[in-house]
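To get the working numbering, take the position in the sequence shown, counting from 1, and add 267. Every residue, glycine too, gets a C-beta built ideally from N, C-alpha and C. All values reported here derive from a predicted model rather than from experimental measurement.
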Amino acid sequence: FSLHNLPFFSLSFNLVVTALEKKNIISKLGDNATLSCIYNKRDLQLKNLRVYWQIADDTNQGRCSVVHALISGQDNNSNQCIHFKDRTQLFWDRLENGDFSLLLLNVSQSDGHTYKCVVQEKNEYTKVIYQAEVVLSLAASYSQPILSGPIRNTDSPGEEVTFNCRSGNGYPKPNVYWINKVNNSRLSPSKLEIIRHDDGTFSVFSTLKVKATSNMQIECSIENEMLQENLSANYTQQKQSNGASTESHENLEKKGRGAQAAGIVSIVILLGLLTALICWLRRRRSSHLVSYTGNE
């Protein structure tokens, strides 16, 4: 059996030109994707149908393109690309109603293709009664960004400070934005590094260097355009006034003196109780001695 000898691939058969429907879908890595192919006709005779799913990319020419095949109501995947082995399923309860959609399991970056569904019907002759294309794009959500801000030894404005922002496990490459939340202005990073991992996902590391202000509010935003996701992390520093700092210091001193006094009082009370206990024990012992002498 050779797929290239089937009627669909032979020009000697009478082919009916049908409108080609195109759809675009986005699936997250590791999820299952449904490639839609719905022919609006009911009560079809599966024994007269042939359904072919194949890769339709121009860049895939010369390579294996067979994704799934249904011939006379039975799966026939003898020519299926090994990459799709045990990863494709038709919806059997929908076939007779013209739903030839394909379920693709556990998608990865290598599944990002344009897929073509071709439905043939054989009566007196074989003809194409329906065809559709589905463009499958893959994506993965980035992790919540982690933003680290400066540890400042002084509160003097004007010194250069550094912020670092990182996120990972996303796909495709992200957009990274630094924003001054005081006036919502964009800031230019001093460093942007995007690393591709073995599984195809990306990690991003970005550094921002700015002049310090007394009230810094910085945001790092990681955007995944394909998933329309935008994750942000924020850094805010409020500078205390001298009065507030002094007041806080005085309160700490007062609390410290109060705790010290309370400790001294507790020790005095404890010593008093201990002294009273010793005296009581001595008197009790003396009383027992007198009683014993009298008995003699």
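Subject >> Sequence-distant residues of the same chain with beta carbon closer than 6 Å to Thr503, five excluded per side >> reply: Correct list, in chain order: Gln484.
**OP:** From the DSSP output, in three-state form, read off Glu400 for me.
**Re:** Strand at Glu400.
Original post:
How long is the line joining the alpha carbons of Ile338 and Lys389, rounded to whole angstroms?
Top reply: Roughly 11 Å separates the two Cα atoms.
Original post:
Thinking C-alpha only, which one of Glu363, Asn373, Val535 and Arg361 is nearest Lys352?
Top reply: Cα-wise, what sits closest to Lys352 is Asn373.
Subject >> Straight-line Cα distance separating Arg453 from Lys564 >> reply: The structure shown does not extend to residue 564, since the chain spans only 268 to 563, so no value can be given for it.
Subject >> the region 328-345 contacting the region 428-442, beta-carbon criterion three pairs below 8 Å >> reply: Segments in contact, no.
Original post:
Per DSSP, Ser339 is paired with what?
Top reply: Paired residues: none, contrary to the question.
Subject >> For Tyr444 and Cys384, the rounded distance between their alpha carbons >> reply: Taking the straight line from one Cα to the other gives about 41 Å.
Original post:
Alpha carbon to alpha carbon, what distance is there between Asn491 and His380?
Top reply: Each residue's Cα considered, the two are about 20 Å apart.
Subject >> Same chain only: Cβ atoms within 6 Å of Glu288, ignoring 5 sequence neighbours per side >> reply: So the qualifying residues of the chain are Ala399.
Subject >> Those residues which DSSP pairs with Lys352 across a bridge >> reply: DSSP lists no partner for Lys352.
Original post:
Among all the DSSP beta bridges, which residues are the ones paired with Cys210?
Top reply: Residue 210 lies beyond the stretch modelled for the chain, which goes from 268 to 563, so this question has no answer here.
Original post:
Given Arg309, which residues of its chain have a CB within under 6 Å of its CB, disregarding the five upstream and five downstream residues?
Top reply: Only Asn364 meet the Cβ criterion.
Original post:
Under the three-state reduction of DSSP, which class applies to Asn299: helix, strand or coil?
Top reply: Of the three classes helix, strand and coil, the one that applies to Asn299 here is coil, per DSSP.
Subject >> Simplified DSSP assignment, three categories, for Cys384 >> reply: Strand, per DSSP.
Original post:
Around the C-beta of Ala406, are 16 or more other C-beta atoms found within 10 angstroms, so that it is buried, or is it exposed?
Top reply: Buried, because 16 or more other Cβ atoms sit within 10 Å of the Cβ of Ala406.
Original post:
Straight-line CA distance for Gln341 to Asp366?
Top reply: So the two alpha carbons sit approximately 15 Å from each other.
Original post:
Which residues in the same chain have their Cβ closer than 8 Å to the Cβ of Arg354, if we skip the five residues on either side of it in sequence?
Top reply: Counting only Cβ-Cβ distances below 8 Å, and skipping sequence neighbours, we find Leu371, Leu372 and Asn373.
Subject >> Three-way DSSP call (helix, strand, coil) for Arg550 in this model >> reply: If DSSP states are grouped into helix, strand and coil, Arg550 belongs with the helices.
**OP:** From the DSSP output, in three-state form, read off Ala407 for me.
**Re:** Of the three classes helix, strand and coil, the one that applies to Ala407 here is strand, per DSSP.
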